[in-house]
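**Q** One structure follows; several queries about it will come next.
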Amino acid sequence: RKEVEQDPGPFNVPEGATVAFNCTYSNSASQSFFWYRQDCRKEPKLLMSVYSSGNEDGRFTAQLNRASQYISLLIRDSKLSDSATYLCVVSRILTGGGNKLTFGTGTQLKVEL
Amino acid sequence: GAGVSQSPRYKVAKRGQDVALRCDPISGHVSLFWYQQALGQGPEFLTYFQNEAQLDKSGLPSDRFFAERPEGSVSTLKIQRTQQEDSAVYLCASSLERFDYGYTFGSGTRLTVV
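So, in structure tokens, the structure goes:
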């Protein structure tokens, strides 16, 4: 079983739709949580950090449930430019320092006209 | 430089050939990571450097993989006797501090073993 599990999709949604992605993680020692975005043939880029209190950045809302080891991302009023792969990421500090990221497989989103 | 630079951008290797992939992190960044991303998968951790010290290499798939960062800046990932399953994108990332969440990834090197 992978440490971070995501539905690979693809999610095909019309422009303006609301779409939700979910992710579960198995390592309870995980300390920090993120969503990354990866465009085709590009490197991953940080979309937002995820907190238990929930956090919002414009049309994007992320939520963490530590008890259930569950992370979510909600995208409202989706745009064509939101089409990408969304990677759920957990991190923990390595011995001696360094913040190791563990990525899920990614969920592909396609926003259509 | 302004970002993390990786070279070459693309590499085609014949099975059994040795390859070397280079990463130039952002100047002054202490932490440097290598990840391997196979097609349709998320990046997988390979190894971590703090300055010149390789503190974790638990993700290296076999002893054919070797990484170094001798002066604490540029890093090289070497793969000996490449095999088809080594075909992937190899991503390098750096961050300013040891416990920094602000990773910057390079564009990666796409390795194809034929």
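Same order as they appear, the protein sequences are chains A and B. Its first residue numbered 57, the first sequence is counted upward by one per residue in the working numbering. Its first residue numbered 13, the second sequence is counted upward by one per residue in the working numbering. Every residue gets a Cβ at the ideal spot worked out from N, C-alpha and C, and that includes glycine. In this text, all values refer to a predicted model and were calculated from it rather than measured experimentally.
#1: Comparing the C-beta of Q92 (chain B) with each C-beta of chain A, is any distance below 8 Å?
#2: How is the beta strand (DSSP E) around T88 (chain B) delimited, first residue to last?
#3: Out of B:H41, B:A32, B:G52, B:S17, which one is the CA nearest neighbour of D63 (chain A)?
#4: Which class does L136 (chain A) belong to by DSSP, given the choice of helix, strand or coil?
#5: Alpha carbon to alpha carbon, what distance is there between F61 (chain B) and E80 (chain B)?
#6: Considering only the alpha carbon of each residue, which of B:V101, B:Q95, B:W46 lies closest to G154 (chain A)?
#7: Tell me, which residues are paired with E61 (chain A) by DSSP?
#8: When you compare the CB of Y115 (chain B) with every CB in chain A, is at least one pair closer than 8 Å?
#9: Within the 8 Å Cβ cut-off, does E99 (chain A) reach chain B?
#10: What residue range is occupied by the uninterrupted beta strand (DSSP E) comprising Y107 (chain A)?
#11: Can you pull the chain A residues whose beta carbon is under 7 Å from the beta carbon of S43 (chain B), in chain order?
#12: Looking at chain A, is there any beta carbon in it that lies within less than 8 Å of the beta carbon of Q62 (chain B)?
#13: Identify whether D98 (chain B) lies in helix, strand or coil by the three-state DSSP scheme.
**A** This is what the structure holds:
#1: no
#2: 87-91
#3: B:G52
#4: helix
#5: The straight-line gap from Cα to Cα measures roughly 8 Å.
#6: Nearest of B:V101, B:Q95, B:W46 to G154 (chain A), Cα basis: B:W46.
#7: A:T80
#8: Chain A contact via Cβ: present.
#9: Taking 8 Å as the threshold, the shortest C-beta distance from E99 (chain A) to chain B falls below it.
#10: Premise fails: Y107 (chain A) is in no beta strand (DSSP E) and is neither H nor E.
#11: G154
#12: yes
#13: Helix, per DSSP.
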